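Visitor: Before we start, here is the structure in question, set down as C-alpha cells.
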Ligand SMILES: Nc1ncnc2c1ncn2[C@@H]1O[C@H](COP(=O)(O)OP(=O)(O)OP(=O)(O)O)[C@@H](O)[C@H]1O
Ligand SMILES: [Mg+2]
Ligand SMILES: [Zn+2]
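Residue numbers (this note's numbering): 198 to 652.
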C-alpha cells in the first residue's frame, strides 16, 4: 500500500522533523525547515519478502579485483596535490566556494589543460554558451574536445551523457539542477540531494569522473545539508576573499587521499595561477628598519607560510582608546594587550592600537601570539625587529611562551626564505644545532624583548 509521507528537512543541518518549526530544533537556525513529500510503500508490507536471485554474491576481500585505480591529472599541480595525486576514475568531486571566488574559472582551466587527452562535458545551469565562450577566450580554452551545454534538467543531462560519453563531466552548479518529476524548486534539499544521487550513480556505473560545483551558505558550508557531502567522494572548499592575495583550495573530505594538503592560487586576468612559494610573495615589500612589524609562520594544511604582522600604537585623540584589527581575532588582541600591560609592564591605557595581517591573510592560530605582542611593543617603544627574524609562540595568561606544533617545519621555511634568526618557545627536547640559523628559545615575553634589544 502506498502512502504519502510529509516531513520537513532543515536546509542548514539536514535534520528531519514531522512538524514545521520556525527554528530548527537541532541546529537552531531560523526559518530553515523545508517541506518534503515522499510517496513510500508501507514498510510492513515489504518485510520478509526475499527477492535475492543469487546474483551479486559477496566476495572474499582477497578475491576482489580492482577495476581501475588510475588517477587522472587535472593539469593543475596544486589541485592534484589536494586530490592526493589526481582524480580517481569514477569519482565524484564536490567543490564549494563563495560567489565570484573563481570556481567556474578553475573548472575551465582544467578543461584547457586536459582536453587534449580527455573528452569533457561542461554543463552549466548558470551561464549560456556564449557567456562561457567569453570566459574561455580570456582563459585560452579552446578545443574540439570540450563540449558545452546550458541545461538544468537532470534527466536530459543523463541522455546527453549517454550520447557524448565523456571522460569528465563538470556540473556548474548543483543548485541549478532539477528533476522534473520532483515538485520542489531547484536548489531545495530534495532536488539537490536527488540530482547528486543520480549523478553519482552515473559516475559509478560508467566510470566517469564528475566535478560538481556547490554554492555555500553564509557560514561557508556547502548549501544544502551535510547529506550532500556524504554522497560524494571528495569535498573541496575554495576559500579566500576579494582583499586577499590568495585563493586556497582545501580538502574537507577525501576518500582517496589525505585532507592535509592545500592548493594555493592567485587570481589574475588570465585566470588562476599556482603559487608555489606563498611566503616569498607575502613578504615582498616588507619594510626595513621600521618599528611595529614582525614575521611569524602559519600552517596551511602541511605547508608553512611566513606572514607579516604589523601594529601601530598611537596616542588616542578620543576619550576611550581605539582598538582595531584586520585578519586577527579582536578578542585575542584585547587579551594580548592585557598581558602586555600586566606581565610586560607596558602601559597602553591611553593609546590606540591597530593590528594588521599583511596580504589579507586571516590568522586563527595562537602561534602568532608572540609576534603580535612583539609588534605592538615594537611600535610602542619605537624599536625595530629585524625583517629576517621569525617569531613563533603562543602567549599564556602569565606571559609565558608556550610551545606550538610543527616548530621544525616552520624553522625550515624561515631558512628557505633566507631568514637568519628565529625566536621560538623554550622546549626541552630541542637541538638548536640541527638548524643552520640562529635560534633563541624564550620562556616569557620579557626574555623575548631582552633578546630583541640585545641583537
Ligand atoms: N575580465 C576579467 N579580468 C580579470 N579577472 C576577472 C575577469 N572576469 C572575472 N574575473 C575574476 O574572476 C572572478 C569570477 O570567477 P568565476 O566566475 O570563476 O567565479 P565563480 O566562483 O564561478 O562565481 P559564481 O559562484 O558566481 O559562479 C571574479 O571575481 C574576478 O576576480
Ligand atoms: Mg560560476
Ligand atoms: Zn538544522
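No residue lacks a Cβ here, since even glycine has one placed at the ideal position from N, Cα and C. Computed from a predicted model, the values in this text were never measured in an experiment.
1. Where does residue 363 land, buried or exposed, given buried means 16+ other C-beta within 10 angstroms?
2. Among residues of its own chain, excluding the 5 on either side of residue 351, which ones have a beta-carbon nearer than 6 Å to its beta-carbon?
3. Between residue 508 and the rest of its own chain, which residues show a CB-CB distance below 6 Å, the 5 nearest in sequence each way excluded?
4. Which residues have a Cβ closer than 6 Å to any heavy atom of ligand 3, listed in chain order?
5. Pick out the complete alpha helix (DSSP H) segments inside the region 545-593, 4 residues or longer, and give them in chain order.
6. Going along the chain, which unbroken runs of the alpha helix (DSSP H) with 4 or more residues stay wholly within the region 483-550?
7. By how many angstroms is the C-alpha of residue 632 removed from the C-alpha of residue 608?
8. Between residue 408 and the rest of its own chain, which residues show a CB-CB distance below 6 Å, the 5 nearest in sequence each way excluded?
9. I'd like to confirm something about residue 300: is its beta-carbon nearer than 8 Å to some heavy atom of ligand 2, or not?
10. Report yes if the C-beta distance between residue 500 and residue 461 is below 9 Å; otherwise report no.
11. Could you pull out every residue in the same chain whose Cβ sits closer than 6 Å to the Cβ of residue 212, ignoring the five residues on either side in sequence?
12. Examine ligand 1 and report whether any of its heavy atoms sits within less than 8 Å of the Cβ of residue 465.
13. What is the C-beta distance between residue 648 and residue 614, in whole angstroms, given that I count them as a contact (C-beta under 8 Å)?
14. By the DSSP assignment, the alpha helix (DSSP H) with residue 286 in it spans what residues?
15. What's the call for residue 269, buried or exposed, on a 16-neighbour Cβ count within 10 Å?
16. What's the C-alpha gap between residue 505 and residue 497?
17. Regarding residue 360 and ligand 1, is the C-beta to nearest heavy atom distance less than 8 Å?
18. Could you please give the first and the last residue of the uninterrupted beta strand (DSSP E) stretch that includes residue 369?
19. I need the DSSP call for residue 302, collapsed to helix, strand or coil.
20. Going by Cα to Cα distance, which pick from 587, 441, 624 and 600 is closest to residue 612?
21. Quick one: Cα of residue 515 to Cα of residue 480, how far?
22. Do three or more CB pairs link the region 449-469 to the region 591-608 at distances below 8 Å?
23. Considering only residues of the same chain and omitting the five flanking positions on each side of residue 518, which have a CB-CB separation below 8 Å?
24. When you compare the region 281-300 with the region 422-431, are there three or more beta-carbon pairs, one atom per stretch, that lie closer than 8 Å?
25. Quick one: Cα of residue 564 to Cα of residue 354, how far?
26. Keeping to the same chain, check which residues put their C-beta closer than 6 Å to that of residue 434; ignore five residues upstream and five downstream.
27. Considering only C-alpha positions, which residue in the set 645, 605 and 643 is nearest to residue 630?
28. Tell me whether the beta-carbon of residue 369 lies closer than 9 Å to the beta-carbon of residue 320.
29. What residues match up with residue 323 in a beta bridge as DSSP calls it?
30. Provide the residue span of the alpha helix (DSSP H) that contains residue 279, from first to last.
31. Pull the bridge partners of residue 409 from the DSSP assignment, please.
32. Looking only at DSSP bridge pairs, what is residue 204 linked to?
33. Please go through the same chain and pick out, in chain order, the residues whose beta-carbon is closer than 7 Å to the beta-carbon of residue 274, but skip the five residues on each side of it.
34. Quick one: residues in its chain with C-beta nearer than 8 Å to the C-beta of residue 534, no 5 flanking neighbours on either side, listed in chain order?
35. So residue 424 and residue 390 are in contact, right, with Cβ under 8 Å, and what is the actual spacing, rounded?
36. With DSSP as the reference, label residue 160 as helix, strand or coil.
Guide: So, to answer that:
1. Numbered from 1 along the chain shown, position 166 holds the residue referred to as residue 363. It is buried - the Cβ of residue 363 has at least 16 other Cβ atoms within 10 Å.
2. In the chain shown, the residue the question calls residue 351 occupies position 154. Here the set comprises 374, 376, 392 and 395.
3. Counted from its first residue, the chain shown places residue 508 at position 311. Non-local C-beta neighbours of residue 508 in its own chain, meaning closer than 6 Å and more than five positions away in sequence, comprise 489, 552, 572, 573 and 576, ordered along the chain.
4. Selection output, chain order preserved: 207, 209, 210, 212, 221, 223, 224, 226 and 229.
5. Taking only runs of at least 4 residues, the alpha helix (DSSP H) segments lying wholly in the region 545-593 are 566-578.
6. Counting only runs of 4 or more residues that sit fully inside the region 483-550, the alpha helix (DSSP H) segments are 527-541, in chain order.
7. On the chain shown, position 411 is the one that residue 608 refers to. On the chain shown, position 435 is the one that residue 632 refers to. CA-to-CA, the gap between residue 608 and residue 632 works out to about 8 Å.
8. On the chain shown, position 211 is the one that residue 408 refers to. Cβ within range, chain order: 290 and 367.
9. Taking the chain shown and counting its residues from 1, one reaches residue 300 at position 103. In this structure, the C-beta of residue 300 approaches ligand 2 to less than 8 Å from one of its heavy atoms.
10. In the chain shown, residue 500 corresponds to position 303, counting from 1. In the chain shown, residue 461 corresponds to position 264, counting from 1. In this structure, residue 500 sits near residue 461, with a CB-CB distance shorter than 9 Å.
11. The residue you call residue 212 lines up with position 15 of the chain shown. Only residues of its own chain outside the window of five on either side were considered, and among them 223 have a CB closer than 6 Å to the CB of residue 212, listed in chain order.
12. Within the chain shown, the letter at position 268 stands for residue 465. Yes, the beta carbon of residue 465 sits closer than 8 Å to at least one heavy atom of ligand 1.
13. Translated into the one-based positions of the chain shown, residue 648 becomes position 451. Translated into the one-based positions of the chain shown, residue 614 becomes position 417. Taking 8 Å as the upper bound for CB-CB distance, residue 648 and residue 614 are not in contact here, some 20 Å apart.
14. Residue 286 sits at position 89 when you count from the first residue of the chain shown. Segment: none, residue 286 is in no alpha helix (DSSP H) and carries neither H nor E.
15. Counted from its first residue, the chain shown places residue 269 at position 72. Burial call: buried.
16. Here residue 505 refers to the residue found at position 308 of the chain shown. Here residue 497 refers to the residue found at position 300 of the chain shown. If you take the alpha carbons of residue 505 and residue 497, they lie about 15 Å apart.
17. Indexing the chain shown from 1 puts residue 360 at position 163. Judged by the Cβ position, residue 360 fails to qualify as a neighbour of ligand 1 at the 8 Å threshold, every heavy atom of the ligand being at least this far.
18. Taking the chain shown and counting its residues from 1, the one referred to as residue 369 is at position 172. In the DSSP assignment, residue 369 falls within the beta strand (DSSP E) that extends over 365-369.
19. As a position in the chain shown, residue 302 is number 105, starting the count at 1. Of the three classes helix, strand and coil, the one that applies to residue 302 here is helix, per DSSP.
20. Residue mapping note: residue 612 aligns to position 415 of the chain shown, counting from 1. For residue 612, the nearest C-alpha among the options comes from 587.
21. On the chain shown, position 318 is the one that residue 515 refers to. On the chain shown, position 283 is the one that residue 480 refers to. Residue 515 and residue 480 have their C-alpha atoms roughly 34 Å apart.
22. No: fewer than three Cβ pairs fall under 8 Å.
23. Residue 518 sits at position 321 when you count from the first residue of the chain shown. For residue 518, the CB contacts under 8 Å within the same chain, skipping 5 residues up- and downstream, are 545, 546, 547, 548, 549 and 550 in chain order.
24. Touching, per the Cβ criterion.
25. One-based indexing of the chain shown puts residue 564 at position 367. One-based indexing of the chain shown puts residue 354 at position 157. Residue 564 and residue 354 have their C-alpha atoms spaced approximately 49 Å apart.
26. Looking up residue 434 in the chain shown gives position 237. Contacts found: 293, 447 and 449.
27. Along the chain shown, one-based indexing puts residue 630 at 433. Out of 645, 605 and 643, 605 has the C-alpha closest to the C-alpha of residue 630.
28. On the chain shown, residue 369 is found 172 positions in, with the first residue counted as 1. On the chain shown, residue 320 is found 123 positions in, with the first residue counted as 1. Between residue 369 and residue 320, the CB-CB gap stays under 9 Å.
29. Your numbering for residue 323 matches position 126 in the chain shown. Answer by DSSP bridge pairing: none, since residue 323 is not bridged.
30. One-based indexing of the chain shown puts residue 279 at position 82. Note, residue 279: alpha helix (DSSP H), 274-280.
31. Locating residue 409 in the chain shown gives position 212, counting from the first residue. Note: residue 409 is bridge-paired with 291 and 368 in the DSSP secondary-structure output.
32. Residue numbering aside, residue 204 sits at position 7 when the chain shown is read from its first letter. Note: residue 204 sits in a beta bridge opposite 233.
33. To locate residue 274, count along the chain shown from 1; it is residue 77. Listed in chain order, the non-local C-beta contacts of residue 274 below 7 Å within the same chain comprise 471, local neighbours out to five positions each way being set aside.
34. The count along the chain shown starts at 1 and reaches residue 534 at position 337. Cβ within range, chain order: 520, 545, 550 and 573.
35. Against the chain shown, residue 424 aligns to sequence position 227. Against the chain shown, residue 390 aligns to sequence position 193. Right, their Cβ atoms sit about 6 Å apart.
36. Here the chain has residues from 198 to 652 only, and residue 160 is not among them.
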